[in-house]
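Going by the working numbering, the sequence shown runs without a break in its numbering and finishes at 1106. Structure first, then comments.
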Amino acid sequence: MYWTIGISIIIAMVGTLSIGTVDFAQDRLLAFDLSIASDLIWLSLIVTAIIFLFLLQRSAALPSISNYSLHKRRTQNHTISSKFIRYLLMTIIASVLVFGSALQALSAYQQAETTKITEPMQVRAWVTIKGISDSVYDSEINSGYRQVATLQLVEPLVSKLTSQDLQAQTLSYINNSLSSKGLYNKDINGDKNLEHRVLLSAYPKRTSSNTQTIDLNGLQPGDQLLMTLKLVPLVTSGQTLNNPTGFDSYRWLRGRHIDGMATIMATGEPIRVLDSSSTMLASNAAFDSFLNSLRTHIDQWRWQLRQHFYADWLQQTTAEQQAKAVTLSLLTGDRSLINHETKDLYQLAGISHLLAISGTHVLFLAIILAGAAVWLVNHQWPALYRNIPRWQVRWWVMIGVAFIYALFTGFDVPAARTAWMLLAIGLVRLTLLPISTMRVLLAIAVLMAWFDPYVLWQAGYWLSFVAVALLLKYDDTSYQRDNVALAQHRHDITDNNHISSTLLTQIGLTGKRVFKLQFWLFIALLPITLLLFGKASLWGLFINLFAIGLFGWVIVPLNLLAGLCYLLLPTVADSIWALVSIIVASLHKLIAWLTSLPALSDAWLYTSVNMAILLMALLVMMPWLLPRGLISRGLALPPLSLLVMTVYANQQSLVTAPTLYVLPTGDQYLSATVLQYPIVRQHIDNSSHVKNNNERAPVSGAVYWLFLADHRPYGNRTMPSTMTADDITAHLAQQLGTLSIDQLEGVVIQTSVPILTDTLSSKQNNSKIKSNIKKSELLPMSVLQLNQRMPINQYWQAGRHERWAAYQQLYLEQKQSARATTITAQSCEQGKTWQLDNKDMALQAMTGWRDIDDSSVWDCTIAIASKQPIRVIRYDANNPQQSLQADSQTFIPPTPISKTSQKTTHRNGAFEARVVLNADTHHHLWQMWPLLCSADSFAYSTSINYPTQWLGHSTSQVTTEALSRQQIDKIITYDRKTLEIALRFDALP
118 MYWTIGISII
128 IAMVGTLSIG
138 TVDFAQDRLL
148 AFDLSIASDL
158 IWLSLIVTAI
168 IFLFLLQRSA
178 ALPSISNYSL
188 HKRRTQNHTI
198 SSKFIRYLLM
208 TIIASVLVFG
218 SALQALSAYQ
228 QAETTKITEP
238 MQVRAWVTIK
248 GISDSVYDSE
258 INSGYRQVAT
268 LQLVEPLVSK
278 LTSQDLQAQT
288 LSYINNSLSS
298 KGLYNKDING
308 DKNLEHRVLL
318 SAYPKRTSSN
328 TQTIDLNGLQ
338 PGDQLLMTLK
348 LVPLVTSGQT
358 LNNPTGFDSY
368 RWLRGRHIDG
378 MATIMATGEP
388 IRVLDSSSTM
398 LASNAAFDSF
408 LNSLRTHIDQ
418 WRWQLRQHFY
428 ADWLQQTTAE
438 QQAKAVTLSL
448 LTGDRSLINH
458 ETKDLYQLAG
468 ISHLLAISGT
478 HVLFLAIILA
488 GAAVWLVNHQ
498 WPALYRNIPR
508 WQVRWWVMIG
518 VAFIYALFTG
528 FDVPAARTAW
538 MLLAIGLVRL
548 TLLPISTMRV
558 LLAIAVLMAW
568 FDPYVLWQAG
578 YWLSFVAVAL
588 LLKYDDTSYQ
598 RDNVALAQHR
608 HDITDNNHIS
618 STLLTQIGLT
628 GKRVFKLQFW
638 LFIALLPITL
648 LLFGKASLWG
658 LFINLFAIGL
668 FGWVIVPLNL
678 LAGLCYLLLP
688 TVADSIWALV
698 SIIVASLHKL
708 IAWLTSLPAL
718 SDAWLYTSVN
728 MAILLMALLV
738 MMPWLLPRGL
748 ISRGLALPPL
758 SLLVMTVYAN
768 QQSLVTAPTL
778 YVLPTGDQYL
788 SATVLQYPIV
798 RQHIDNSSHV
808 KNNNERAPVS
818 GAVYWLFLAD
828 HRPYGNRTMP
838 STMTADDITA
848 HLAQQLGTLS
858 IDQLEGVVIQ
868 TSVPILTDTL
878 SSKQNNSKIK
888 SNIKKSELLP
898 MSVLQLNQRM
908 PINQYWQAGR
918 HERWAAYQQL
928 YLEQKQSARA
938 TTITAQSCEQ
948 GKTWQLDNKD
958 MALQAMTGWR
968 DIDDSSVWDC
978 TIAIASKQPI
988 RVIRYDANNP
998 QQSLQADSQT
1008 FIPPTPISKT
1018 SQKTTHRNGA
1028 FEARVVLNAD
1038 THHHLWQMWP
1048 LLCSADSFAY
1058 STSINYPTQW
1068 LGHSTSQVTT
1078 EALSRQQIDK
1088 IITYDRKTLE
1098 IALRFDALP
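This is the structure we're talking about:
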């Protein structure tokens, strides 16, 4: 019953928070205001839980009564009624706990709704820096500044304010109190004391030349200053239209209690800089408690330690920088200096969890300092043990160290869980309560959820508690068996080889136990990892075997020792940190070499996980989770077989019909589509054609084509892409992996790339075109990087590409770790074709005239003809198996064309469906097309069984004549906006 109630509480709270993200339920959840009674609900839950535990322990103690007493009680008339009343009372209390937990989650949701940013606006506000920044501002490596902060006295920005204006207003505040001066009106939500928690951001590529900001990296925790900001509300995953990774940023930000995003426009000087003797705004407020002050001072220590590591940053190589960045992360949990390449390396190796401050870090430091404290008491104040037992001295020191170090590392879930576990286990021992460690772990999980319901949206919460529960369960069944085996071995061996044989046996048992433990954790956490992140690295099963020991017994102890020495002997600390950095750098080289091996490069496992798969995985592990012998482990075979068949069926369901997936890229102008065409086995008897008997022919494989394009209008000044080639490659690799695509027949870049052109045309010499040359490098670089991850047989490039070979060689020389895999570029120009051997599908370039000295007509539009209908699906990164069909417009030409006269009727060998992938960036392209091309670009006739689909961008310059002559029926746009040319003639949505 204990576990049933605990799990029900967590499920009720998760369900309440999840319902809040649904649009139709938001108004209903806000009908009753519970935000004021949040503290009262929390205290009521604690009191109710204590009563429930008391009744539960009392019920568990009743069977221990002597037989005489038990027989005497059974003779009483009210025995049955008393048991019924007791169980009824426990059921009522359990129901109150579950319902109250849901109310607590609802209260937290309502509190978040009262402070959230509801609409985009430009404001001026008092900003208080909270904690340390998530990243540092560095224009050299294009690293942006991201910092959690609180906003007070927020006003809509009426006119533009410079940095000097903000500094003058800050000085006015210092010289005059807010109440007497009356400079500020009410907040944007009507409450002068309302506080918003936002994520500040500033990026070098996005920052305009007239933005006036101070040194953002110099802002310390607790600093207060005036800023002008662009506020943007949070966007839920359902509202995100172009999410390439499936990462739910809304839940991640809400888990950190972020109310909105804020882009920095201009900043004043912090009050600390202008007048160090002045009192900060927050220190005059009633809510500024001692705990907040302590947290601010601890964060300032973390910031100073980061500045110490960042002092000579630019004078070091990238490898040295990342080794120091990882060293800092292992000490304080500060990942701001770690770049994307290092994070990707750790993710591929399956050891990214080692970058976080785990319970091992906290426990290790607590044990060391507790041992030192006991040693000091033993030699200096032994009389203290007359009043306090030795274990309590050690316990109190461990609790103090655990909480201080958890605060020092940001009080994330793993560190907080360890601190609370130490406190709870000590209290259990102090009160002699018969409560197991597993029950204590569940109680801590519930208490943390009650205190902060949004912690349930943090991946670290689930991974931390589930991993510890699995460790505890494993130790309960494995350690005793190893001890019995070792004792039996000692009994059997002779005295001559006792020491050596026993040592070898112990090492063998320890190695076996470590491998079994790692295998157990990997398999048990695999469904949760796939559910939270959508992918898992198979490398983690092997690299963790030595990485965990290296980090736990070498790197982390040395790092903590250096941190303690830094308080007294900074020079000694720097020497130890230098040694740690050398070890970490060597580890990075080893992992990079291992992961670059061709035979072991495919390490990612992509599988969408839903509740059904989680349930089957739980049934598989059930015989190992329950007490040994209670359920036969052979019963795990049926759910395991069902699980394997379900996963296999999900993967095979993706290749049953021709499908064109529209992949999200994260950029409204960049498009990526992948054609997935199954290869149907040929039948000797043509009468058994699939079309005639409505049955699917057996599929023997599939062919895949990837189409990329940049739809920024030619010659127009548009916002440059914020994406990098690394970002695009990582997104494409993950999306293709979830679709079970491990090789590509071809990649087509449909828009021309000036950087690959040996001689630019005369029209490309203007400054507008030259400014866009840098951004055009994204797609070719992405193809090069993608070719290092999977085989690509063909590469079509629109326009001229004389410099492709030199460009590719330069890339391979710069990326020394890259495999020497080259690919030849072919021209994507009008008339180029490719066809399947069985003639079921063909590709043909409709446009692209590279011989003309005008790059505005180089873009390549592709037509796909097929004997089967092609579905156009918008890829859903959150759940690829549940991706929906793309919405379309119906194109009605101004002068209806008789399709029977233009399209021939169906005959054997004719194509039945057609999809046109448009990629024009200038109106010259479609003005040239009717002059040089015929309407029917294929040698085969096309039947009228399926509509002709047109897929392009809403900024397309396609003409009505081109759409009419191509007999387009359906129009689909990459950016989900309507095509204006279709609306002009009353096209139906």
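In this text, a Cβ means the ideal position worked out from N, Cα and C, and glycines have one as well.
- In its chain, beyond the 5 residues on either side, Ala-219, Ala-222, Leu-223 have a beta carbon closer than 6 Å to the beta carbon of Thr-133.
- In the structure shown, the three-state DSSP call for Val-583 is helix.
- The continuous alpha helix (DSSP H) containing Pro-897 extends over residues 895-904.
- For Pro-338 against Thr-413, the beta-carbon gap comes to about 6 Å, under 8 Å, which counts as contact.
- Distance from the CA of Ile-940 to the CA of Val-779, rounded to the nearest whole angstrom, comes to 25 Å.
- Rounded to whole angstroms, the gap between the alpha carbons of Ile-516 and Leu-675 is 22 Å.
- If you compare the alpha carbons of Thr-208, Asn-360, Ile-128, Glu-236 with that of Thr-782, the shortest gap goes to Asn-360.
- By the neighbour-count definition (other C-beta atoms within 10 Å, threshold 16), Trp-656 is a buried residue.
- In this structure Tyr-204 is exposed. Its beta-carbon is surrounded by fewer than 16 other beta-carbon atoms within 10 angstroms.
- The residue among Ser-256, Ser-475, Ser-581 with its C-alpha nearest the C-alpha of Phe-525 is Ser-475.
- Counting of Cβ neighbours within 10 angstroms places Gly-666 among the exposed residues, the total staying below 16.
- Within a 10 Å sphere around the beta-carbon of Ile-258 sit fewer than 16 other beta-carbons, which makes this residue exposed.
- At the C-beta level, Val-253 and Ser-469 stay beyond 7 Å of one another.
- Between the beta-carbon of Leu-823 and that of Leu-861 there is about 5 Å, and that keeps the pair under the 8 Å contact cut.
- In the DSSP secondary-structure assignment, Trp-369 is not bridged to any residue.
- Contact check between the region 477-493 and the region 507-522: three or more CB pairs, one atom from each, fall below 8 Å, which counts as touching.
- Counted as a single uninterrupted DSSP element, the alpha helix (DSSP H) harbouring Pro-1047 occupies residues 1041-1049.
- Under the DSSP assignment, Met-378 falls in the beta strand (DSSP E) whose first and last residues are 377-384.
- In the pairwise beta carbon analysis, the region 908-920 is classified as not touching the region 833-849: fewer than three pairs are separated by under 8 Å.
- Sequence-distant Cβ neighbours of Leu-1042 in its own chain, meaning closer than 8 Å and more than five residues away, are Thr-964, Ser-973, Val-974, Asp-976, Thr-978, Gln-1074.
- Here Val-865 is actually not in contact with Pro-897; their C-beta atoms are around 12 Å apart, not less than 8 Å.
- Scanning its chain for C-beta atoms nearer than 7 Å, with the 5 sequence neighbours on each side dropped, one finds around Thr-950 the residues Ala-959, Leu-960, Gln-961, in chain order.
- The region 639-659 makes no contact with the region 671-689, as fewer than three CB pairs between them are under 8 Å.
- Checking the DSSP bridge columns, you'll see Arg-507 has no partner listed.
- The continuous alpha helix (DSSP H) containing Glu-458 extends over residues 457-466.
- Distance check between Arg-263 and each of Val-275, Gln-269, Gly-248 places Gly-248 closest, using alpha-carbon atoms only.
- About 6 Å separates the CB atoms of Ala-242 and Leu-270; that is less than 8 Å, so the two are in contact.
- Rounded to the nearest angstrom, the Cβ distance from Leu-471 to Phe-668 is 5 Å, consistent with a contact under 8 Å.
- Remark: C-beta atoms of Arg-368 and Trp-567 do not approach each other more closely than 7 Å.
- Taken through DSSP and simplified to helix, strand or coil, Gly-261 comes out as coil.
- Partner residues in the beta bridge of Gln-911, as assigned by DSSP, are Gly-863.
- When the alpha-carbon of Phe-582 is set against those of Pro-570, Asp-569, Tyr-571, Ile-561, the nearest one is in Ile-561.
- The DSSP-derived three-state label of Ser-749 is coil.
- In this model, Leu-1048 and Leu-853 are separated by some 38 Å (Cα to Cα).
- For Ala-994, the closest C-alpha among the options Ile-126, Glu-1029, Leu-849 is that of Leu-849.
- Listed in chain order, the non-local C-beta contacts of Thr-554 below 8 Å within the same chain comprise Ile-542, Leu-589, local neighbours out to five positions each way being set aside.
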